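Chemist: Before we start, here is the structure in question, set down as C-alpha cells.
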Amino acid sequence: MFKTCYSPRYYAHTPTNSMEKLTAVANALAHEQITDLIDPGIIEPERLYSVHNPDYVDAFIAGQKPLASMQGFKKWNEQLRDAILSVQAGQLKAAELAWQEGISANIAQGFHHAVYDHGNAFCTFNGLALVAKQFPDKKIFILDCDQHGGNGTAEYTRFIPNLFNFSIYGLAFGCATYEQSITRHIHPKTGNFDEYTQAVFDGFEHAQEWGADLIIYQAGMDCHRKDRFGSKWFSTDLLYDRDQLVFALAKKHKFPLMFVLAGGYQKLDELVPLHVNTFKAANSIYFPELYLEPCH
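For the record, in the sequence shown the residue sitting at position 11 is 10 according to numbering that gives the first Met the number 0, with numbers rising by one throughout.
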C-alpha cells in the first residue's frame, strides 16, 4: 500500500463540510485498510512566508479579521488554524513520499484559489504553490481536475518558475492562461468524457515536454453529476475511469505523483465514497494485487 498524509488535526467545522470530509474520508480508508496513514505534523507558519504575504499569514495565525476570514470561513478558531497548518505540512510530506515511493496522497485540498495577499473561495493558503517554493530545484506540475479552475495557482506561475498549472474545469469560474498555465474547458452540459480524456492526455504531454519532476493531481469530485457544481454527464464510473487514467499515465511515464482530494459538495455519505474511489483507483494501477471494487 502507498502512504497518505493525514492527522485528526485536519478536522475543523466549516459551513461547506470541506474540512469535515477529510476526517470522514480518512476513517473510511482506515476501515477498508487500503492506504497507510502518516501524520505529517504541523508546518511552521514562517514557511508560508515563501508563498504568501507575511502580513496575511500572521493575520490568519492570530485570527485577525478581515484577512483571517477572507477565504469564506467567517468563524475563525484555533481548531481551524491548526487544521490548515497540518494540511500544509501534509502537502510537503506527501511530495517527499512521492519522490521516495512513486505515489502518495494528502487527504486535503490543494487550496488552488488562494492568492498571494489573501485566501479566496474557501482556500486559505495555496498548498500547490507552497510545494514549488519549498522545493525550488524540482519542477512541480499541477494537473488540476477540480470543476473550478485553479485561478490562484495560475497567478503563482507568473513568478514561480518551477510551477506549471494545467487546469481541466467545467465552470465559467476558471483561470487565466499564461506561459505556464494552460486550461481546458469541458462544458458541463454539452461536453463528454472523450473530450475530458483527451484533455488528460494533453496534460501529460505538457508535463513530459516541460520535464516535470512531480505531478500533483487535484482529484476533484465536484465534477460529479449529482454535485451542485457538477457536469451532467460525469458519472461515478467515469470519475473512477478518470482517476485510473491519470494513475496509469503517471506510472507509464515514470512521473512521481501525489494527489489531493480537491472539491466536492455533496452530502458526506454520497461524497466520501467518491473520494475513496480515487484511492481504490490508485491501488488498481500501482498495487493491482490489492485491487478492490470501486464504490457505486
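Glycine is no exception: its CB is placed at the ideal position from the N, C-alpha and C atoms. As the structure is a prediction and not an experimental result, all values here were calculated from the model.
So that I know if they touch, is there some Cβ in chain B lying closer than 8 Å to that of residue 61?
Modeler: You won't find chain B in this structure, because it holds only one protein chain.
Chemist: When DSSP labels each residue in this structure, what does residue 196 get in the three-state scheme?
Modeler: Helix, per DSSP.
Chemist: Near residue 267, what residues of its chain come up, given a Cβ to Cβ distance below 8 Å and the 5 sequence neighbours on each side ignored?
Modeler: Hits under 8 Å: 16, 19, 20 and 23.
Chemist: Within the stretch 123 to 190, note down every full beta strand (DSSP E) run reaching 3 residues or more, in order along the chain.
Modeler: For the stretch 123 to 190, whole beta strand (DSSP E) runs of length 3 or above, ordered along the chain, are 139 to 143, 162 to 168 and 180 to 184.
Chemist: Please state whether DSSP places residue 235 in a helix, a strand or coil.
Modeler: Residue 235: helix per DSSP, three-state reduction.
Chemist: What's the gap between the Cα of residue 118 and the Cα of residue 272?
Modeler: Whole-angstrom Cα-Cα distance: 28 Å.
Chemist: When you compare only the Cα positions, how much space is there between residue 112 and residue 193?
Modeler: Their backbone Cα atoms lie some 27 Å apart in a straight line.
Chemist: So the beta strand (DSSP E) residue 289 belongs to, where does it begin and stop?
Modeler: Where residue 289 is concerned, there is no enclosing beta strand (DSSP E), given that its DSSP letter is neither H nor E.
Chemist: Any contact between the stretch 69 to 78 and the stretch 86 to 94? By contact I mean 3 or more CB pairs, one from each, below 8 Å.
Modeler: The stretch 69 to 78 vs the stretch 86 to 94: no contact.
Chemist: In chain order, what residues of the same chain lie with their CB nearer than 6 Å to the CB of residue 203, ignoring the 5 residues before and after it?
Modeler: Within the same chain, residue 203 has close Cβ partners 248.
Chemist: Any contact between the stretch 215 to 222 and the stretch 153 to 161? By contact I mean 3 or more CB pairs, one from each, below 8 Å.
Modeler: No, because fewer than three Cβ pairs between the stretch 215 to 222 and the stretch 153 to 161 fall closer than 8 Å, the two stretches do not touch.
Chemist: Using the DSSP secondary-structure output, state which residues sit across from residue 37 in a beta bridge.
Modeler: Answer is 4.
Chemist: Let's see if you can read the secondary structure: which residues bound the alpha helix (DSSP H) around residue 60?
Modeler: Where residue 60 is concerned, the enclosing alpha helix (DSSP H) stretches over 53 to 61.
Chemist: Starting from residue 67, follow the alpha helix (DSSP H) in both directions and report where the run begins and ends.
Modeler: From DSSP, residue 67 is part of no alpha helix (DSSP H); its letter is neither H nor E.
Chemist: Whose CA, out of 99, 220 and 64, lies closest to the CA of residue 212?
Modeler: Closest option to residue 212, Cα to Cα, is 99.
Chemist: Assign residue 259 to one of three DSSP states: helix, strand, or coil.
Modeler: Strand at residue 259.
Chemist: Taking the Cβ atom as the reference point for each residue, do residue 0 and residue 38 lie within a distance shorter than 8 Å?
Modeler: For residue 0 and residue 38, no; Cβs fall outside 8 Å.
Chemist: Which whole-angstrom value describes the C-beta separation of residue 80 and residue 59, a residue pair presumed to lie in contact below a C-beta threshold of 8 Å?
Modeler: Rounded, the Cβ-Cβ distance is 7 Å, consistent with contact.
Chemist: Around the Cβ of residue 221, are there at least 16 other Cβ atoms within 10 angstroms (buried) or fewer (exposed)?
Modeler: Per the 10 Å Cβ criterion, buried.
Chemist: Would you mind sorting residue 210 into buried or exposed? The rule is 16 or more other CB atoms within 10 Å of its CB.
Modeler: It is exposed - the Cβ of residue 210 has fewer than 16 other Cβ atoms within 10 Å.
Chemist: Do residue 125 and residue 151 count as a contact pair if the criterion is CB distance below 8 Å?
Modeler: Yes.
Chemist: Evaluate residue 227 with the Cβ neighbour count: other Cβ atoms within 10 Å of its Cβ, from every protein chain shown; 16 or more gives buried, anything less gives exposed.
Modeler: Exposed: under 16 other Cβ atoms inside 10 Å.
Chemist: Note down, in chain order, each residue of its chain lying with its Cβ closer than 6 Å to the Cβ of residue 255, except the 5 sequence neighbours on either side.
Modeler: Closer than 6 Å at the Cβ level, and outside the excluded window around residue 255, lie 97, 98, 101 and 213.
Chemist: For residue 104, which of helix, strand or coil comes out of DSSP?
Modeler: Strand, per DSSP.
Chemist: State the start and end residues of the unbroken alpha helix (DSSP H) segment that holds residue 284.
Modeler: Here the alpha helix (DSSP H) through residue 284 covers 267 to 285.
Chemist: Rounded to a whole number of angstroms, what is the C-alpha to C-alpha distance between residue 279 and residue 295?
Modeler: The alpha-carbon atoms of residue 279 and residue 295 are separated by roughly 12 Å.
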